[in-house]
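> Just dropping this structure here.
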Amino acid sequence: MQLFPKNIKYTNTEKDVIHYIEHHINDIDNLTITDLAKESHTSNATIIRLRHKVNCNGFKDLKVKIIKERENNHYLDNNVDFSFPFSPIDDPATIKNSIANLYLNSVTVLRDQIDTSKIMKAAEMIMDSNRVFMFGVGDTGITVKSFINKVNKLNIFPIFANENGEEDHIVRRVRPNDLAVFTSYEDYEREFGYEINEAQQHCQTILITSKPNTIYKDKVDLLITIPSEEKKKKVATFFSQFAFEYVFDLIFAFLYKNTIL
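The sequence shown maps to residues 74 to 334 in this note's numbering.
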């Protein structure tokens, strides 16, 4: 289930709860926390720990999200492989349909899991900052540059910090009213470990990633988590870059709203 990301470390008893929910999802509506603990042969404390790990405010919030995901799954093609959406032996029509299903599923997953309040907060932080420095490498860097180009039309001019390998030089010179935005699907500790540590001492920071459960999540001012759907081995970065584009387009929409109204 999307509610229980694979990159979170669960205890064995928490896994028992998840296993029960996944295999009895249609029975969840009328269960109390005590009922779920009894049926999964665990405890109320285990369920409380689990809902904390997946950012649910209480058992009721956990149930609502489970039911919402169950209903949304009626519209998903669960056979979509986000890492290998097509095979080299597929015919052109199959490849066309596979790519279409990939993006249809991606939109649904992102719509249901992206926290809109954090998107609004990111837009607010950008608007309130004197200078915005954006970090991204490889395909993600291209997506970041695309966002910069879009917001230039709103008279907002972020600086792409990775241009010409200047990121270390730049991050040492940020000021308290600046903002540093780091974007990385899962390798930000390797790509930006030094830069995050340096920037968070001097200015506000945003991290956009699919891998939130590390020590870095407490070092940044705002963490925007995208779903973790791609594997290390993949044909291309279809989902991850689409996810970043989706997040940046949402931020752009709120920036546009703030500049127009």
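Glycine residues also receive a C-beta, built at the ideal position from the N, C-alpha and C atoms.
1) Any heavy atom of the ligand SAH inside 7 Å of the beta-carbon of His-97?
2) Whole angstroms are fine: how far does the CA of Tyr-93 sit from the CA of Phe-312?
3) I need the boundaries of the alpha helix (DSSP H) containing Phe-325, first residue and last residue.
4) Kindly confirm or deny that the stretch 288 to 300 and the stretch 187 to 204 touch, where touching means at least three C-beta pairs closer than 8 Å.
5) By the three-class DSSP mapping on this structure, what secondary structure does Thr-86 have?
6) Is Lys-79 closer than 8 Å to Ser-257 when the C-beta atoms are compared?
7) Please classify Ala-234: does DSSP put it in a helix, a strand, or coil?
8) Counting Cβ pairs, one atom from each stretch, are 3 or more of them under 8 Å apart for the stretch 215 to 224 and the stretch 321 to 334?
9) Taking all protein chains shown into account, do 16 or more other C-beta atoms lie within 10 angstroms of the C-beta of Tyr-267, making it buried, or fewer, making it exposed?
10) Restricting to Cα atoms, I'd like to know which of Asn-270, Leu-252 and Leu-227 is closest to Lys-39.
11) How would you label Pro-165, buried or exposed, when you count the other beta carbons within 10 angstroms and need 16 or more for buried?
12) Would you list the residues sitting across from Thr-278 in a DSSP beta bridge?
13) Return the first residue and the last residue of the alpha helix (DSSP H) that Met-198 is part of.
14) Pick helix, strand or coil for Thr-105, following the three-state DSSP scheme.
For this structure:
1) Ligands are entirely absent from the displayed structure, and the ligand SAH is therefore not among its contents.
2) About 29 Å.
3) Where Phe-325 is concerned, the enclosing alpha helix (DSSP H) stretches over 311 to 333.
4) The answer is yes - the stretch 187 to 204 touches the stretch 288 to 300, with three or more Cβ pairs under 8 Å.
5) Helix, per DSSP.
6) Taking 8 Å as the cut-off, the beta carbon of Ser-257 is found no closer than this to the beta carbon of Lys-79.
7) Correct three-state label for Ala-234: coil.
8) Taking 8 Å as the limit for Cβ pairs, the verdict is that the stretch 321 to 334 does touch the stretch 215 to 224.
9) With fewer than 16 Cβ atoms within 10 Å of its Cβ, Tyr-267 is classed as exposed.
10) Beyond the ends of the chain as shown, which are 74 and 334, falls residue 39; an answer cannot be given.
11) Counting of Cβ neighbours within 10 angstroms places Pro-165 among the exposed residues, the total staying below 16.
12) DSSP output for Thr-278 lists Ala-253 as bridge partner(s).
13) Going by DSSP, Met-198 is part of the alpha helix (DSSP H) stretching over 189 to 201.
14) Coil, per DSSP.
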